[in-house]
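Just so you know, we're using UniProt numbering here: the sequence shown kicks off at 1 and counts up by one. In what follows, a single structure is set out as structure tokens and then discussed.
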Amino acid sequence: MNQETTIRNLSLLLSPTPRGARLARLLATEQLRAWGLPLSPAEQIVSELATNAATHGRVPGRDFRLTLYVVGGTLRIEVTDTRGDRLPHLTRPAPDATGGRGLLVVAALAGRWGVTPGPYPRKTVWAEVDVPR
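And the structure:
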């Protein structure tokens, strides 16, 4: 298998808590290092998406899933939670607001991002970044 067809992936279930969101970022960082990929901007994207899942996608007793995979020169970051009824959208918070900028950060750092609904009751928020081959 040559480098262009090598597929690398990681998939983890994490608790929908601030601790779970931090753990998602830390584990993603270590996996990116192991794959020899740059940490920036993927580390920040994972942090924002995991924090959103723990904050807005939280359902007690239901974990969220972090999935990372690399195909060719693209790293795809996916965070799946069980609040499919709450689809995220970009907002422009007031300048003095203390939150509400997570997806703005993701949109600024990712080459592409979006939301895939389902299967019920889930949704997946994903982002893609180009990485060196």
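Don't be surprised by glycine CBs; every beta carbon is placed ideally from N, CA and C.
Within 8 Å, strictly: CB atoms of residue 135 and residue 107
Here the chain covers residues 1 to 133 and nothing more, so residue 135 does not appear.
Would you check if the segment 10 to 23 and the segment 46 to 61 touch, i.e. whether three or more CB-CB distances between them fall below 8 Å?
yes
Cα-Cα separation between residue 25 and residue 46, rounded to whole angstroms
For this step, residue 25 is matched to residue 25 along the sequence shown. For this step, residue 46 is matched to residue 46 along the sequence shown. Each residue's alpha carbon lies about 6 Å from the other.
Count the other CB atoms, across all protein chains shown, that sit within 10 Å of the CB of residue 7; report buried if there are 16 or more and exposed otherwise.
Residue numbering aside, residue 7 sits at position 7 when the sequence shown is read from its first letter. Classification of residue 7: exposed, given that the 10 Å Cβ count is below 16.
State the Cα-Cα distance for the pair residue 116 and residue 104, rounded to the nearest angstrom.
By one-based count along the sequence shown, residue 116 stands at place 116. By one-based count along the sequence shown, residue 104 stands at place 104. Going by the C-alpha atoms only, they are around 18 Å apart.
For residue 11, the three-state DSSP class (helix, strand or coil)
In the sequence shown, the residue the question calls residue 11 occupies position 11. Strand.
Can you give, in chain order, each stretch of the alpha helix (DSSP H) that sits fully within the UniProt domain "Histidine kinase/HSP90-like ATPase" (15 to 111) and has at least 4 residues?
18 to 35, 42 to 55, 102 to 109
Residues near residue 121 by beta carbon distance below 6 Å, same chain, minus five either side:
As a working mapping, residue 121 is identified with position 121 in the sequence shown. Once the five neighbours on either side are set aside, the close Cβ partners of residue 121 are 82, 84.
Which residues share a DSSP beta bridge with residue 117?
Residue 117 sits at position 117 when you count from the first residue of the sequence shown. According to DSSP, residue 117 bridges with 123.
My guess is that residue 78 and residue 126 are in contact by the Cβ rule of under 8 Å, so how many angstroms apart are they, rounded?
Working through the sequence shown from its first residue, we reach residue 78 at position 78. Working through the sequence shown from its first residue, we reach residue 126 at position 126. Going by Cβ atoms, the distance from residue 78 to residue 126 rounds to 5 Å, so yes, they are a contact pair.
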